[in-house]
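Chemist: Okay, so the sequence shown: first residue is 102 according to our numbering, each after it adds one.
For every residue, glycine included, the Cβ atom is placed at its ideal position computed from N, Cα and C.
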Amino acid sequence: MSVPEIILASASAARLGVLRGAGLDPVVIVSGVDETAIAASTTAGLTEQLAIAKATAVASSRCEGIVIGCDSLLDLDGQAYGKPGTAAEATQRWRQMSGRAGTLITGHCVIDASTGRLVHAVAATTVRFGTPSDQEIADYVATGEPLVVAGAFTLEGRGGWFVDGIDGDHGNVLGISLPLIRRLLADLGISVTSLWE
C-alpha cells in the first residue's frame, strides 16, 4: 500500500520543521485564505476556523493526500494576538506580555482529500514570559523575528531567551501539536507510523 502524500497548508517554516523532524516529508501548499475575513467569539474558535479554512482551501484542489492546516494565536486577557507586523506593535506587545503568562492556542485540521473526511481540534499551551529589559526588547524587535510570528515570539529562535517556561505541549507553541495530529489521523483511520518516511 502506497503512503499518501502529506500536504501542509501553511507557510510556517517551524511547522514544516516539526513535521520533518517527526518523520514526515510534507509538500507545502499555502492556502491563500484571507484571514481577516474570518471571525469568532473566542481565540480558540478563531484558530479552529482559520485552520479549517486553510485546510479546506488546499484540499478542494486535491483528489488525494492528507492535508494538514493549522493556525496559531496568543490569548492574553481574552484578546487574540497574531503576527504584529510592525516594530511598534511588536514592542508594545512585549511590554504587555513581560512578566506575565499567556496561552498559545493552535487550531488543527486534518482532511483526507480522497474521501473528503475532515477532523479538527484545538491545543492550548501556557507560556510564561520573562522580563526582558527595554534594550533587550528593542534588540529583539530589531531582528525582525517577532514581527512575523503569532504572539510576537518564537520558542525555538531568539524569542526563546525571553520565555521562562511553558505548561503543556512544546510543539503546539511551535505551531503544531504532534500528539493532537496523531489523534486526528487516528480519527480518520490512519496510523501516523504508516506515514513515516
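Count the other CB atoms, across all protein chains shown, that sit within 10 Å of the CB of V131; report buried if there are 16 or more and exposed otherwise.
Modeler: Burial call: exposed.
Chemist: Bridge partners of Q180, per DSSP?
Modeler: BP columns for Q180 point to L177.
Chemist: Measure the alpha-carbon distance for I212 versus Q150 and round it to whole angstroms.
Modeler: Their backbone Cα atoms lie some 14 Å apart in a straight line.
Chemist: Per DSSP, what kind of secondary structure is F263 in: helix, strand or coil?
Modeler: Correct three-state label for F263: helix.
Chemist: Tell me whether L109 sits in a helix, a strand or coil according to DSSP, three-state version.
Modeler: Residue state, collapsed to three classes: strand.
Chemist: Can you confirm whether the stretch 192-200 touches the stretch 140-159 when touching is taken to mean that 3 or more C-beta pairs between the two stretches lie within less than 8 Å?
Modeler: Cβ pair count under 8 Å is below three, so no.
Chemist: Evaluate the contact criterion for the stretch 232-247 versus the stretch 283-296: three or more CB pairs, one atom per stretch, below 8 Å.
Modeler: Cβ pair count under 8 Å is below three, so no.
Chemist: What are the start and end residues of the alpha helix (DSSP H) that includes A251?
Modeler: Where A251 is concerned, there is no enclosing alpha helix (DSSP H), given that its DSSP letter is neither H nor E.
Chemist: Quick test of the definition: if touching needs 3 or more C-beta pairs under 8 Å, does the stretch 159-168 touch the stretch 176-189?
Modeler: No, they do not touch.
Chemist: Mind checking whether the beta-carbon of L175 lies closer than 7 Å to any heavy atom of the ligand HEM?
Modeler: Of ligands this structure carries none, so the ligand HEM is not represented either.
Chemist: What is the DSSP secondary structure of G170, counted as helix, strand or coil?
Modeler: It is a strand residue.
Chemist: Have a look at the DSSP bridge pairing and note the partners of D268.
Modeler: Looking at the DSSP assignment, D268 forms a beta bridge with T227.
Chemist: For L285, which of helix, strand or coil comes out of DSSP?
Modeler: Reduced to three states, the DSSP call for L285 is helix.
Chemist: So the candidates are L248, H271 and V220; which of them puts its Cα closest to the Cα of L256?
Modeler: Checked all of L248, H271 and V220; the closest Cα to L256 is H271.
Chemist: For the beta strand (DSSP E) that I212 lies in, which residues bound it at each end?
Modeler: Unbroken beta strand (DSSP E) run through I212: A202 to D213.
Chemist: Short of 7 Å in beta carbon distance, which residues of its chain neighbour D176, apart from the five on each side in sequence? Order them along the chain.
Modeler: Same-chain partners within the cutoff: T144, G203, T204 and I206.
Chemist: How far does the alpha helix (DSSP H) with T192 in it extend, from its first residue to its last?
Modeler: First-last of the alpha helix (DSSP H) with T192: A188 to M198.
Chemist: Assuming A154 contacts V128 under a Cβ cut-off of 8 Å, what Cβ separation, rounded to an integer in Å, is found between them?
Modeler: About 19 Å separates the two Cβ atoms, so there is no contact after all.
Chemist: To which residues of the same chain is E298 closer than 7 Å at the C-beta, ignoring the five residues directly before and after it?
Modeler: Contacts found: G124, L125 and D126.
Chemist: Who are V128's beta bridge partners in DSSP?
Modeler: The partner list for V128 (beta bridge, DSSP) reads I108.
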